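Worksheet: the structure to be examined is printed underneath.
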Amino acid sequence: MDDKDEKKLIEKIRMGDHSAFGMFYDHYVSRIYNFIYYKTHHKETAEDITSQTFYQALANIAQLDTNRSFSPWLYQIARNLVTDHYRKQSHRNHSDIEDVWDTSVADAGITIELDTDVKLTFEALKKHLDGLAPHEREVVMLRVWDELPYKEIAKIVGKSEGACKMSFSRSVALLRDALPMASYVVLLLKL
Amino acid sequence: MKNNIDIILQELYDIDPTLKDKEKELRKIVLTLIEMKPDTKFDHSFALKLKEELSKQPMGSSQPSFLSFFANISKPKVFIPVALIVLFVALPIVKDKEQSFFALSVIDTKPGAFGTFSEKSEATSDSARSSLYGASEVTMEGAPEVTGAQEDTSYVANEKGVSAGAGGGNIGTMSMPDSRMIMPYPPSVIIVHEFEYVGDEVALSKETGFVYRRIAKRTDASKLLAPLTSFDLGYVNLSSFSNVKLRTLSLYEDKRLGYEIMANFEEGALYIGPNWSKWNTPGEELKPITSQMSKEDAVRIANSFLKEYKIDSSLFGDPVLRNDEMWDSVMLSPEGGTTESSPADWLPDSTTLVYPLTISDVPVFDGGGNPFGMNIQVNVRHKKVSNVDNLYAQSYERSEYPLITEWSTVLAKITDRSNSSWYPDSEDIKKEVLTIQLGTPEHVLLHTWVYNENDGTNNELLVPALIFPVVVDPASSYSFHSEYVVVPLVEGIGDSVHTGIDTFTR
Chain V
11 MDDKDEKKLI EKIRMGDHSA FGMFYDHYVS RIYNFIYYKT HHKETAEDIT SQTFYQALAN
71 IAQLDTNRSF SPWLYQIARN LVTDHYRKQS HRNHSDIEDV WDTSVADAGI TIELDTDVKL
131 TFEALKKHLD GLAPHEREVV MLRVWDELPY KEIAKIVGKS EGACKMSFSR SVALLRDALP
191 MASYVVLLLK L
Chain L
563 MKNNIDIILQ ELYDIDPTLK DKEKELRKIV LTLIEMKPDT KFDHSFALKL KEELSKQPMG
623 SSQPSFLSFF ANISKPKVFI PVALIVLFVA LPIVKDKEQS FFALSVIDTK PGAFGTFSEK
683 SEATSDSARS SLYGASEVTM EGAPEVTGAQ EDTSYVANEK GVSAGAGGGN IGTMSMPDSR
743 MIMPYPPSVI IVHEFEYVGD EVALSKETGF VYRRIAKRTD ASKLLAPLTS FDLGYVNLSS
803 FSNVKLRTLS LYEDKRLGYE IMANFEEGAL YIGPNWSKWN TPGEELKPIT SQMSKEDAVR
863 IANSFLKEYK IDSSLFGDPV LRNDEMWDSV MLSPEGGTTE SSPADWLPDS TTLVYPLTIS
923 DVPVFDGGGN PFGMNIQVNV RHKKVSNVDN LYAQSYERSE YPLITEWSTV LAKITDRSNS
983 SWYPDSEDIK KEVLTIQLGT PEHVLLHTWV YNENDGTNNE LLVPALIFPV VVDPASSYSF
1043 HSEYVVVPLV EGIGDSVHTG IDTFTR
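Listed in order, the protein sequences are those of chains V and L. Residue 11 is where the first sequence starts when you use this note's numbering, and the numbers rise one by one after that. Residue 563 is where the second sequence starts when you use this note's numbering, and the numbers rise one by one after that.
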């Protein structure tokens, strides 16, 4: 979907065209779901937040400036809802919890639901990946797991392409020390 | 996977070339990261169910907007008086604007007012050349935010920090804008286009030219709004809301083949489409389409529509059939009827006309070499206009920019457009070169979008350009589905523009 098509679609959506919103939905639903899943590692939670994301988008689409792009706006809604999800669960109302990677058993009262099949892998990797800042993890996931180009990642995370590239480079440097053990664990678990 | 790892590694080397010494270690890290990818268990039935639920929701339901207000009204006895009020009040407004709303409005600004344009290439020059659409991004640097100089016609993009444009990301599509994406399975034969200029040498005497930037034209809808905001609907009292503005208006004709009319008062935009509930009757047997509508018939129907609904089209040229519809060249026989390989079931039920926009007698084209302007879709089955879109108030700021004056530079740009295909060389893929001959160009304006890094907005620009006609029809078994190739004359705008080059297989 190029910028021209997107602007036209936004215009039609703002004018109440449901089919135009449907086109956006088809384009983004799996991406948004995956994005949320990477931050929650729990299918039901990811589906619930994906639903909320699109309900919010539908409700507020009229406020979207046609000069702005749909994707960063949509991803920001999803990002905020994930943060809300974990903050609501935390009795301490931690403001620094942005996704499941930021949670820990030290967060008294928080219930972390994870899909059973990823639980072991996640726990093994978490101690390495949670050394990264949330936005750094996000860039790594979008580049490596979703294979998005930096141009698109930059739009999603609201930073420049150069900043995203630098972020990824820094993350790899940090992981150079952390990953050997993690990779061993992951490969074992996948056997 | 290997290809993706190589690309990621190359990106790291671009940032820090010394990392190349640690390739083995880095390769392992990236591979491990890929191995970490969890199975997200995306459930298509969940997606379908959610879509169905969303389709039942009114747009903008969290706020009592004017649009949702109309969408939710179901009682005719309420709707009729409200609609009458709206139409009664709206008529004088429309009448006031009838002669001028879509007329051209241009505000002069200082030279270079939109900043400098630059192409930020993400790929090597070779891969950029080989990309269908180029691999670079055009941005504006040092550009002020989009503003209009007239109070009522200005638009201020004051929300910062969010970039624009959806970018690519469609794995497996031909319109892949980035060479690092996974490409679809290659065809057995790919056609490589090369351009050859066969026209006359052109003297580029103009050293500067105007770049136009579209600005939103707000409509004063206060007269329309006033009676509504004092209206108590029974379930909500509109007068209790404060500082209420009117953004959009949506009306529909409650009759067979009726229309839905949507106006955006902030953008100065009008959209007319079918009221689908009155165009499609469940269970109704549709008349088969046995032949495509002729252009003459489509134009006659569209012109009658414009006249009947008093839509000012004075800024637009004579309509042309949109040539990006594949059926036009592939599915139909030259006579316009059906062929053995194109049964009638495949014929589209509409045909689209483009009324080309002209600015000061200069025609506007898009990057694919297609005329840009108002689109009117004619329904073939009902012989009736179904849609009018891309109809905006033509309000612009314009600023003077240096133009390319060296003919050799233009020729070099054409050569750079030659497409060596983004499929990798392989013994399994046969490449055939198709030479596209281009004739003597004419001056036009190129409609394009440019991202403003300062305020995170996308700007709609009209840029001086040359348009080259394709003078030699390529071999009949291939399609080069652009009649023109457009080359912008402003430095910094070029490779990212859709050139209309495409690769076809037989």
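C-beta: ideal position from N, C-alpha, C; glycine also. Since we're looking at a predicted model, the values are computed, not measured.
Chain L contact residues for residue i, given Cβ-Cβ distances below 7 Å
{"i": "V92 of chain V", "result": "Residues of chain L passing the Cβ test: none, with the nearest at roughly 14 Å."}
{"i": "K53 of chain V", "result": "K603"}
{"i": "Y35 of chain V", "result": "K613, L616"}
Within chain V, the residues that residue i reaches when beta carbons sit closer than 8 Å
{"i": "M936 of chain L", "result": "In chain order: nothing, as chain V lies at least about 13 Å away."}
{"i": "K599 of chain L", "result": "V154, W155"}
{"i": "Q619 of chain L", "result": "Y65, L68, A69"}
{"i": "E1004 of chain L", "result": "The contacting residues do not exist; E1004 of chain L stays about 23 Å from chain V at best."}
Supposed contact pair residue j and residue i - C-beta distance, whole angstroms, cut 8 Å
{"i": "L877 of chain L", "j": "T914 of chain L", "result": "So it is not a contact: roughly 19 Å between Cβ atoms."}
{"i": "V149 of chain V", "j": "S177 of chain V", "result": "5 Å"}
{"i": "L965 of chain L", "j": "K779 of chain L", "result": "In fact, because the Cβ distance is near 28 Å, the residues do not count as touching under 8 Å."}
{"i": "M936 of chain L", "j": "V950 of chain L", "result": "7 Å"}
{"i": "P1050 of chain L", "j": "G771 of chain L", "result": "With a Cβ gap of about 10 Å, P1050 of chain L and G771 of chain L do not count as contacting."}
{"i": "V754 of chain L", "j": "L996 of chain L", "result": "7 Å"}
{"i": "K613 of chain L", "j": "G32 of chain V", "result": "7 Å"}
{"i": "V1032 of chain L", "j": "I998 of chain L", "result": "6 Å"}
{"i": "D762 of chain L", "j": "T971 of chain L", "result": "Not really, about 17 Å apart at Cβ, beyond 8 Å."}
Sub-8 Å separation of residue i and residue j beta-carbons
{"i": "A69 of chain V", "j": "R809 of chain L", "result": "no"}
{"i": "I591 of chain L", "j": "R153 of chain V", "result": "no"}
{"i": "L819 of chain L", "j": "K946 of chain L", "result": "yes"}
{"i": "Y85 of chain V", "j": "I166 of chain V", "result": "yes"}
{"i": "L19 of chain V", "j": "T63 of chain V", "result": "no"}
{"i": "H95 of chain V", "j": "T55 of chain V", "result": "yes"}
{"i": "R775 of chain L", "j": "N1021 of chain L", "result": "yes"}
{"i": "G835 of chain L", "j": "Y821 of chain L", "result": "yes"}
{"i": "E162 of chain V", "j": "S79 of chain V", "result": "no"}
{"i": "N566 of chain L", "j": "E157 of chain V", "result": "yes"}
{"i": "V882 of chain L", "j": "V924 of chain L", "result": "no"}
Where residue i sits in the DSSP three-state scheme
{"i": "S812 of chain L", "result": "strand"}
{"i": "H51 of chain V", "result": "coil"}
{"i": "R776 of chain L", "result": "strand"}
{"i": "S179 of chain V", "result": "helix"}
{"i": "V1052 of chain L", "result": "coil"}
{"i": "Q939 of chain L", "result": "strand"}
{"i": "S692 of chain L", "result": "Confidence at S692 of chain L is low in this model, with a pLDDT of 28, below 50, so its placement is unreliable and the value that follows should be read with caution. DSSP places S692 of chain L in helix when its eight states are reduced to three."}
{"i": "D576 of chain L", "result": "helix"}
{"i": "P144 of chain V", "result": "helix"}
{"i": "H37 of chain V", "result": "helix"}
{"i": "T602 of chain L", "result": "coil"}
{"i": "E684 of chain L", "result": "Its pLDDT being 37, under 50, E684 of chain L is placed unreliably in this model, and the coordinates cannot settle the point."}
{"i": "F934 of chain L", "result": "coil"}
{"i": "E758 of chain L", "result": "strand"}
{"i": "D94 of chain V", "result": "helix"}
{"i": "P905 of chain L", "result": "Because P905 of chain L carries a pLDDT of 45, less than 50, the predicted location of this residue cannot be relied on, and the following value inherits that uncertainty. The answer is coil: DSSP assigns P905 of chain L none of H, G, I, E or B."}
Opening and closing residue of the alpha helix (DSSP H) in which residue i lies
{"i": "L800 of chain L", "result": "It is not in any alpha helix (DSSP H) - L800 of chain L carries neither H nor E in the DSSP assignment."}
{"i": "H606 of chain L", "result": "606-617"}
{"i": "I591 of chain L", "result": "585-598"}
{"i": "I163 of chain V", "result": "160-167"}
{"i": "D859 of chain L", "result": "857-870"}
{"i": "P789 of chain L", "result": "784-791"}
Proximal chain V residues relative to residue i, where beta-carbon distance stays under 9 Å
{"i": "E573 of chain L", "result": "R153, Y160, K175, F178, S179"}
{"i": "L588 of chain L", "result": "V182, R186"}
{"i": "S812 of chain L", "result": "M25, G26"}
{"i": "V592 of chain L", "result": "V154, V182"}
{"i": "N566 of chain L", "result": "V154, E157"}
Proximal residues of chain V, C-beta to C-beta of residue i below 7 Å
{"i": "R809 of chain L", "result": "A72"}
Chain L residues whose Cβ lies nearer than 9 Å to that of residue i
{"i": "K22 of chain V", "result": "M824, Y833, G835, D951"}
{"i": "V149 of chain V", "result": "Here the premise fails: no neighbours, minimum Cβ distance about 12 Å."}
Residue i - containing beta strand (DSSP E), residue span
{"i": "H1005 of chain L", "result": "1004-1014"}
{"i": "P836 of chain L", "result": "831-836"}
{"i": "I976 of chain L", "result": "Per DSSP, I976 of chain L belongs to no beta strand (DSSP E); it is in the alpha helix (DSSP H), 969-979."}
{"i": "V1032 of chain L", "result": "That residue, V1032 of chain L, is in no beta strand (DSSP E); it is neither H nor E in DSSP."}
{"i": "D928 of chain L", "result": "924-928"}
{"i": "I823 of chain L", "result": "821-826"}
{"i": "E959 of chain L", "result": "957-964"}
{"i": "N952 of chain L", "result": "946-954"}
{"i": "E994 of chain L", "result": "992-1000"}
Closer than 7 Å: residue i CB and nearest the ligand FMN heavy atom
{"i": "P964 of chain L", "result": "This structure lacks the ligand FMN, and indeed carries no ligand of any kind."}
ask   = Using a beta-carbon distance cut-off of less than 9 Å, what residues from the stretch 866-879 of chain L approach chain C?
value = Of the protein chains in the structure, V and L, none is chain C.
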